[in-house]
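The structure appears below as structure tokens.
Numbering (the UniProt record's numbering), first residue to last: 1 to 300.
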């Protein structure tokens, strides 16, 4: 049995690189050959993953949610299992699946050998694992400077939000979810496959194996007054504190396999914490298209 381990020296304050001898030693308890490769760019990572899937019995990688998204573009549909060591700032994919965020714990999940076929989301030619989002605060994950994230961790996102993201834009939405239609204006829209967003379990009852996605919208008046603007901050806080099952008039939830969303052409979408496309999108749940080692005995 052979495995490939891919890591980026600067990711997670260099955690994987510093623990490389330990990681290789643990992996060699199961795999007779462990090849470790340091990558320097997303393009190199996806190329290494694509080549490794046909040459190894498992491809292990470290990084955050953006790294997971890069790997997903190359690994979607493969029968070769992936192993994930979450070393990013928030690690929402790992939180959604119950993968420990310590190197030791995540290696334990990989070495136990339970590989499950999980759903992902197709958005045009791209894929996303846990979230497709637009609106309030969604850009902080890719606009927050890397040095600030390395220095402050998850708190860096809060700093970026306070400095640049508190004036919530209102944008129109026409959502069709498995034939059901919603026309509204909003400050935030999530399409969710995972349970965790920004470290909060807002979709805690979701599954990455049920072939379904959740759509969550915080609605807003087209031309809100000051009071209506202020109430959206409370609605956003309520969503993160109590989850998308909260009963609130301005929070709408839909569930289905295929979602099409029409909006203004300059609305930017976030794919797993990375900047994605603009304007209208179609999102489809692709069932069982990602094979990943996950914890035994936990719902995924």
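C-beta: ideal position from N, C-alpha, C; glycine also.
For a quick check, are the C-beta atoms of residue i and residue j less than 8 Å apart?
i: residue 173; j: residue 184; result: yes
i: residue 134; j: residue 216; result: no
i: residue 58; j: residue 81; result: yes
i: residue 129; j: residue 91; result: no
i: residue 136; j: residue 236; result: yes
i: residue 18; j: residue 116; result: no
i: residue 256; j: residue 213; result: yes
i: residue 35; j: residue 131; result: no
i: residue 203; j: residue 211; result: no
i: residue 54; j: residue 176; result: no
i: residue 218; j: residue 170; result: no
i: residue 106; j: residue 72; result: no
Out of the options, which one is the CA nearest neighbour of residue i?
i: residue 301; options: 64, 198, 117, 205; result: Shown here, the chain extends from 1 to 300; a query on residue 301 therefore has no answer.
i: residue 303; options: 189, 169, 91; result: Outside the shown range of the chain (1 to 300) lies residue 303, about which nothing can therefore be said.
i: residue 302; options: 17, 19, 27, 90; result: Past the boundaries of the shown model lies residue 302; the chain is included only from 1 to 300, so the question cannot be answered.
i: residue 31; options: 261, 5, 67, 128; result: 5
i: residue 291; options: 114, 62, 100; result: 114
i: residue 297; options: 67, 98, 44, 25; result: 98
i: residue 123; options: 283, 287, 67; result: 283
i: residue 29; options: 54, 100, 206, 108; result: 108
i: residue 244; options: 280, 230, 205; result: 205
Going by DSSP, name the residue or residues bridged to residue i.
i: residue 262; result: 174
i: residue 137; result: Answer is none; residue 137 lacks a bridge partner.
i: residue 180; result: 177
i: residue 291; result: 117
i: residue 299; result: Its beta-bridge partners do not exist; DSSP assigns none.
i: residue 190; result: 133, 216
i: residue 270; result: 133, 275
Applying the criterion that 16 or more other CB atoms from any shown protein chain within 10 Å of the CB defines a buried residue, is residue i buried or exposed?
i: residue 178; result: exposed
i: residue 233; result: exposed
i: residue 300; result: buried
i: residue 83; result: buried
i: residue 40; result: exposed
i: residue 15; result: buried
i: residue 220; result: buried
i: residue 263; result: buried
i: residue 222; result: exposed
i: residue 364; result: This structure leaves residue 364 out entirely; the chain is present only between 1 and 300.
Indicate whether at least one CB of chain D lies closer than 8 Å to the CB of residue i.
i: residue 256; result: In the structure shown, chain D does not exist; there is a single protein chain.
Contiguous alpha helix (DSSP H) assignments of at least 4 residues, all confined to the UniProt domain "DAGKc" (1 to 127): 15 to 18, 20 to 27, 42 to 55, 65 to 75, 92 to 97, 103 to 112
Discussion item. If we require 4 or more residues per run, which alpha helix (DSSP H) segments fall completely within the stretch 197 to 265?
Written reply: 226 to 242
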